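A.B. asks: In terms of my numbering, the sequence shown has 124 at position 73, counting the first letter as 1, and numbering is strictly consecutive.
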Amino acid sequence: MRTRRKLSAGGLVLVVVGVIIFSAGSLGLLASIILDTTPPSITPLNPTGTESSPTVWTINTATQLFADLYDTSLPLTEKAVITEPDGTVLTLASESPFWSEFYTWFTPTQEGKYKVVFDMTDAVGNEGTSTVWGSCTSIAPTGDWKWDGIAVELGANLGITNQISHTISWTQTGGETATKVYVRYWIPGTGVSSVNLSKSGDTWSGTINLDKGDGSYIIEGHVAWSTYDVVLLSILTSVNSETKGQERSIYEWISMFTILAGITLIVSGSVSTKR
């Protein structure tokens with residue numbers, strides 16, 4: 052006849068304490084979500100212009116809509132609502148697998164102004180929006196970009212690279228004469244750095260150090276002329292690791308560690324038995 056195994060007194064205490072701690076952690080995590088009344092924070096990175104001074108794009112050329120996002124709760128929806136010059140409204144979902152960023156590709160086909168509303172709603176219904184403007188012209192300069200001497204095109208992913216001494220250049224091949232060429236680069240969630248390129252003949256060139264640490268970098272090439280400033284290049288590259296995921300609040304981390312401690316005590320108590 053099999054003897055029924057029972058929890059020892061010490062094991063029972065561990066189980067009870069574990070259940071209490073697990074419950075406290077679960078309630079803390081639930082409260083951090085339920086009590087969240089703060090709308091998501093949205094920082095547009097392209098476009099960034101206002102209605103009176105919009106970011107300029109090139110007609111019939113794909114451009115990457117991009118924004119940094121932050122919220123303490125899980126996102127429910129992330130989208131960009133675009134109103135074209137003729138009044139047509141487009142709604143585009145994010146193509147990014149990460150909570151902390153929004154990006155998608157869009158090709159403007161009309162000259163004029165574009166209203167772009169980045170919109171994020173979190174899991175408890177808080178909605179955050181940010182409105183920016185772009186515009187389109189058909190007289191932008193044209194040219195060829197190179198990264199470390201290798202030709203690159205809009206949307207290229209360069210894979211993993213190192214941090215220092217990358218050369219980037221742009222050689223003009225047509226359109227209005229460029230008066231300034233510069234490059235912006237950043238990791239989503241960090242500040243944007245900028246490097247001006249120097250001109251020699253028809254070629255502008257410079258050196259970039261990806262100095263923001265490990266992560267996935269976005270690199271934009273800008274060409275300016277007259278009163279316009281156009282993004283003609285947007286590429287991705289990583290330094291040693293993948294893009295950072297969504298940041299969590301200190302309360303969520305405490306709750307999750309508390310839940311883990313509770314589970315550990317429950318398991319420890321359960322395996323402490325006596326005949």
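Here a beta-carbon is modelled for each residue, glycine too, at the ideal position from N, C-alpha and C. Note that the structure is predicted; figures quoted are calculated from it, not measured.
1. D137 to D170, Cα distance in whole Å?
2. How many angstroms separate the CA atom of S92 from the CA atom of T218?
3. Along the chain, where does the beta strand (DSSP E) that runs through N208 open and close?
4. Here's a check: name, in chain order, each residue in its chain whose Cβ is nearer than 6 Å to the Cβ of V203, leaving out the five neighbours to either side.
5. From I110, P95 and T99, pick the residue whose C-alpha is nearest to that of Y121; which is it?
6. Under a Cβ-count criterion, where at least 16 other Cβ atoms within 10 Å of its own Cβ denotes burial, should D119 be classed as buried or exposed?
7. Given a threshold of 16 other Cβ atoms within 10 Å of its Cβ, counted over all protein chains shown, does T109 qualify as buried or as exposed?
8. If you run the structure through DSSP and keep just helix, strand and coil, what is S285?
9. Can you list the beta strand (DSSP E) stretches of 3 or more residues lying completely in the region 123-197, in chain order?
10. Looking at T230: is its Cβ nearer than 7 Å to the Cβ of W276?
11. Check this for me: beta carbons of S186 and V107, under 7 Å apart or not?
12. Nearest to A113 by CA position, among F149, S145, T101 and T158, is which residue?
13. Taking the continuous beta strand (DSSP E) assigned at T228, which residues delimit it?
14. State the Cα-Cα distance for the pair P90 and E178, rounded to the nearest angstrom.
15. For a quick check, are the C-beta atoms of V246 and V234 less than 7 Å apart?
16. To which residues of the same chain is E129 closer than 6 Å at the C-beta, ignoring the five residues directly before and after it?
17. Taking just the CA atoms, how far does T193 sit from V274?
C.D. replies: The structure says:
1. Here the question's residue 137 lines up with position 86 in the sequence shown. Here the question's residue 170 lines up with position 119 in the sequence shown. Each residue's alpha carbon lies about 22 Å from the other.
2. Working through the sequence shown from its first residue, we reach residue 92 at position 41. Working through the sequence shown from its first residue, we reach residue 218 at position 167. Taking the straight line joining both Cα atoms gives about 34 Å.
3. Working through the sequence shown from its first residue, we reach residue 208 at position 157. Unbroken beta strand (DSSP E) run through N208: N208 to T212.
4. By one-based count along the sequence shown, residue 203 stands at place 152. Only W196 and I286 meet the Cβ criterion.
5. As a working mapping, residue 121 is identified with position 70 in the sequence shown. Checking every option, the nearest Cα to that of Y121 belongs to P95.
6. Within the sequence shown, the letter at position 68 stands for residue 119. Buried: at least 16 other Cβ atoms inside 10 Å.
7. As a working mapping, residue 109 is identified with position 58 in the sequence shown. Classification for T109: buried.
8. For the purposes of this step, residue 285 is taken as the residue at position 234 of the sequence shown. Correct three-state label for S285: strand.
9. Fully contained in the region 123-197 are the following beta strand (DSSP E) runs of length 3 or more, in chain order: 126-134, 140-144, 152-157, 163-173 and 178-188.
10. Numbered from 1 along the sequence shown, position 179 holds the residue referred to as residue 230. Numbered from 1 along the sequence shown, position 225 holds the residue referred to as residue 276. Yes.
11. Residue 186 sits at position 135 when you count from the first residue of the sequence shown. Residue 107 sits at position 56 when you count from the first residue of the sequence shown. Going by C-beta atoms, S186 is nearer than 7 Å to V107.
12. In the sequence shown, the residue the question calls residue 113 occupies position 62. Its Cα nearest to that of A113, the residue T158 stands out among F149, S145, T101 and T158.
13. Within the sequence shown, numbered from 1, the residue matching residue 228 stands at position 177. Counting along the chain, T228 falls outside any beta strand (DSSP E), and DSSP gives it neither H nor E.
14. Here residue 90 refers to the residue found at position 39 when the sequence shown is read from its first residue. Here residue 178 refers to the residue found at position 127 when the sequence shown is read from its first residue. A direct Cα-to-Cα measurement between P90 and E178 gives close to 5 Å.
15. Residue 246 sits at position 195 when you count from the first residue of the sequence shown. Residue 234 sits at position 183 when you count from the first residue of the sequence shown. For V246 and V234, yes; Cβs fall inside 7 Å.
16. Translated into positions along the sequence shown, residue 129 becomes position 78. Closer than 6 Å at Cβ, skipping near neighbours: S145, F153 and M171.
17. Working through the sequence shown from its first residue, we reach residue 274 at position 223. Working through the sequence shown from its first residue, we reach residue 193 at position 142. Rounded to whole angstroms, V274 to T193 spans 9 Å at the Cα level.
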